[in-house]
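Student: So that you can map any letter, position 81 of the sequence shown is 83 in our numbering, and since no number is skipped, the others follow by simple counting. In this text, a Cβ means the ideal position worked out from N, Cα and C, and glycines have one as well. Here it is, the structure in full.
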Amino acid sequence: MLKIASLTLKLPFILAPMAGITDLPFRMICRSYGCELAFVEMTSAKALVYENRKTEKMVATRPEDRPLGIQLLGTDVEFILRALDIIRKYEYDIIDFNAACPVTKVTSKGEGSGMMKEPRKLGLLLKTIVDHTDTPVTVKIRAGWNEKSVNAREVALYAQDAGIKGLFIHGRTREQGYSGRVDYNVIREVKEALDIPVIGSGDVFSPLHVKKMFDETGCDGVAIARGSFGNPWIFNETAEYLKSGIVPPRPDFQAVADIMADHLRLIASYHGPVTAPVVFRKLFAWYIKGFRDVKPLKERAFKAKTTEEMLELIKEFRNTSYIQKVVSVSDNLLEL
Ligand SMILES: Cc1cc2nc3c(=O)[nH]c(=O)nc-3n(C[C@H](O)[C@H](O)[C@H](O)COP(=O)(O)O)c2cc1C
Numbered sequence: 003m004l005k006i007a008s009l010t011l012k013l014p015f016i017l018a019p020m021a022g023i024t025d026l027p028f029r030m031i032c033r034s035y036g037c038e039l040a041f042v043e044m045t046s047a048k049a050l051v052y053e054n055r056k057t058e059k060m061v062a063t064r065p066e067d068r069p070l071g072i073q074l075l076g077t078d079v080e081f082i083l084r085a086l087d088i089i090r091k092y093e094y095d096i097i098d099f100n101a102a103c104p105v106t107k108v109t110s111k112g113e114g115s116g117m118m119k120e121p122r123k124l125g126l127l128l129k130t131i132v133d134h135t136d137t138p139v140t141v142k143i144r145a146g147w148n149e150k151s152v153n154a155r156e157v158a159l160y161a162q163d164a165g166i167k168g169l170f171i172h173g174r175t176r177e178q179g180y181s182g183r184v185d186y187n188v189i190r191e192v193k194e195a196l197d198i199p200v201i202g203s204g205d206v207f208s209p210l211h212v213k214k215m216f217d218e219t220g221c222d223g224v225a226i227a228r229g230s231f232g233n234p235w236i237f238n239e240t241a242e243y244l245k246s247g248i249v250p251p252r253p254d255f256q257a258v259a260d261i262m263a264d265h266l267r268l269i270a271s272y273h274g275p276v277t278a279p280v281v282f283r284k285l286f287a288w289y290i291k292g293f294r295d296v297k298p299l300k301e302r303a304f305k306a307k308t309t310e311e312m313l314e315l316i317k318e319f320r321n322t323s324y325i326q327k328v329v330s331v332s333d334n335l336l337e338l
């Protein structure tokens, strides 16, 4: 169980926010495999205020897409407060604030993980957000800016004093980006310092990694990010593993083909039939990863121009009875 303010989750792992990935179709697919709490992609407060149509679409949801959090990005108080007013109508369960994004375009404006350099300022901003909304506020931070300035504990304490209800920590520095090992010690230090729930993130590619995050850090919850790529059943697998110690067998090629077809149809109805094959390409590649001799199929998927063409490739994948290369869930991903 994981409790963040009044929100109680039966299972203590969630789908992490991922820009360009966790759109409505992705969230719905993960939910159908046991994901409870999901997040809309990181959303710029300024983009929301300027009523960018793409942004409005990005933050939209539907009743089955619950519980749901949104993650805001920015440093300008005026824009952030206006963004909070705009999103009130969606009645999100959590408003998360991003102090973790490593992208230079973002950090050069002091946003995202740029905020890790200014813990006091981040604390004040979070307090302003908390005072402006009735929705529980959380923050996502990193271990620090770089290895010489690992200050997650200090940042987390400022954030907690601001009245946030939970903290997400990606145990890598901004300089590490998404590579190098996650630092479990920093996450544990933060967990030990705070009274609010701490959700650990980083290197979670299998149910075994979820357990490892709990064991190494004592955290209250785990965020699943890249481990969900082409692998939405990681949520159910993790629930089963935490209960019984057994990881269920991975779906075979037929089940994977069914999931792909469902996912593609959701994408086509959400993004439209022209954009759908472009959005689906990388997902196709992730779903078929781990099966033998699929390279030519993948290459054709990257050239597919219509949803029908993509559906044909999925059919071909099913009919060819591809065999899985990967026998163990954590195989080829990362040693524990
Ligand atoms: C493509 C991609 C997009 C991401 N976008 C966001 C984002 O919008 N907000 C955020 O807080 N983290 C974002 N992340 C970071 C993830 O939420 C997560 O913290 C990180 O990937 C570490 O977990 P992992 O090593 O298990 O993937 C993103 C990660 C990836 C790979």
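For the structure I just gave you, are there three or more beta carbon pairs, one from the region 225-245 and one from the region 287-306, closer than 8 Å?
Tutor: Yes: at least three Cβ pairs fall under 8 Å.
Student: Between the C-alpha atoms of E80 and A303, what's the straight-line distance to the nearest angstrom?
Tutor: So the two alpha carbons sit approximately 44 Å from each other.
Student: Can the beta-carbon of A195 be found closer than 8 Å to that of R252?
Tutor: Going by C-beta atoms, A195 is not nearer than 8 Å to R252.
Student: Classify G22 as buried or exposed, calling it buried when 16 or more other Cβ atoms lie within 10 Å of its own Cβ.
Tutor: That one is exposed.
Student: Could you check what DSSP says for E239 in three-state terms: helix, strand or coil?
Tutor: If DSSP states are grouped into helix, strand and coil, E239 belongs with the helices.
Student: Please report the residue range of the beta strand (DSSP E) in which D98 lies.
Tutor: Taken as a continuous stretch (DSSP letters only), the beta strand (DSSP E) holding D98 covers I96 to A101.
Student: Please state the DSSP three-state secondary structure of T137.
Tutor: The answer is coil: DSSP assigns T137 none of H, G, I, E or B.
Student: Going along the chain, which unbroken runs of the alpha helix (DSSP H) with 4 or more residues stay wholly within the region 58-124?
Tutor: You should have 79-89 and 106-109.
Student: With respect to 7 Å, is the separation between the Cβ of P19 and the closest non-hydrogen atom of ligand 1 below this value?
Tutor: True, at least one ligand heavy atom lies under 7 Å from that Cβ.
Student: DSSP on A303, reduced to helix/strand/coil?
Tutor: Helix.
Student: Can you pull the DSSP bridge partners for A225?
Tutor: DSSP output for A225 lists I16 and S203 as bridge partner(s).
Student: Name, in chain order, the residues that DSSP records as bridge partners for K142.
Tutor: Partner(s): N100 and F170.
Student: Kindly indicate the opening and closing residues of the alpha helix (DSSP H) around L39.
Tutor: Looking at the DSSP string, L39 is not in any alpha helix (DSSP H), and its letter there is neither H nor E.
Student: Report buried or exposed for G76, applying the criterion of at least 16 other Cβ atoms within 10 angstroms of its Cβ.
Tutor: Counting Cβ neighbours within 10 Å, G76 comes out buried, since at least 16 surround it.
Student: Assuming I6 is part of the beta strand (DSSP E), what are its boundary residues?
Tutor: From DSSP, the beta strand (DSSP E) with I6 extends over L4 to I6.
Student: Just the Cα atoms here: how many angstroms apart are Y243 and H211?
Tutor: One C-alpha to the other measures close to 11 Å.
Student: Could you work out which residue in I325, E318 and R320 is closest to R294 when comparing CA atoms only?
Tutor: Comparing Cα positions, the closest option is I325.
Student: Straight-line CA distance for A102 to A257?
Tutor: Computed Cα separation, rounded: 35 Å.
Student: Nearest CA to the CA of F99: which residue from R122, P65, M44 and K111?
Tutor: Comparing Cα positions, the closest option is M44.
Student: On a CA-only basis, which of S110, G114 and Y52 is nearest I89? Give me that one, please.
Tutor: Ranking S110, G114 and Y52 by Cα distance to I89 puts Y52 first.
Student: Classify G71 as buried or exposed, calling it buried when 16 or more other Cβ atoms lie within 10 Å of its own Cβ.
Tutor: Buried.
Student: Would you say the beta carbon of D205 is closer than 7 Å to some non-hydrogen atom of ligand 1?
Tutor: For ligand 1, at least one heavy atom lies less than 7 Å from the Cβ of D205.
Student: Using a Cβ-based criterion (distance less than 7 Å to any ligand heavy atom), does Y186 qualify as near ligand 1?
Tutor: Flag unset: Cβ of Y186 not near ligand 1.
Student: Which whole-angstrom value is the C-beta distance of I166 and S203, which I expect to be below 8 Å?
Tutor: I166 to S203, Cβ: 16 Å. No contact.
Student: Exposed or buried, which one is D260 when buried takes at least 16 other CB atoms within 10 Å?
Tutor: Result: exposed.
Student: What is the DSSP secondary structure of L11, counted as helix, strand or coil?
Tutor: L11: strand per DSSP, three-state reduction.
Student: Between the beta-carbon of I189 and the beta-carbon of T140, is there less than 8 Å?
Tutor: The answer is no: Cβ separation not under 8 Å.
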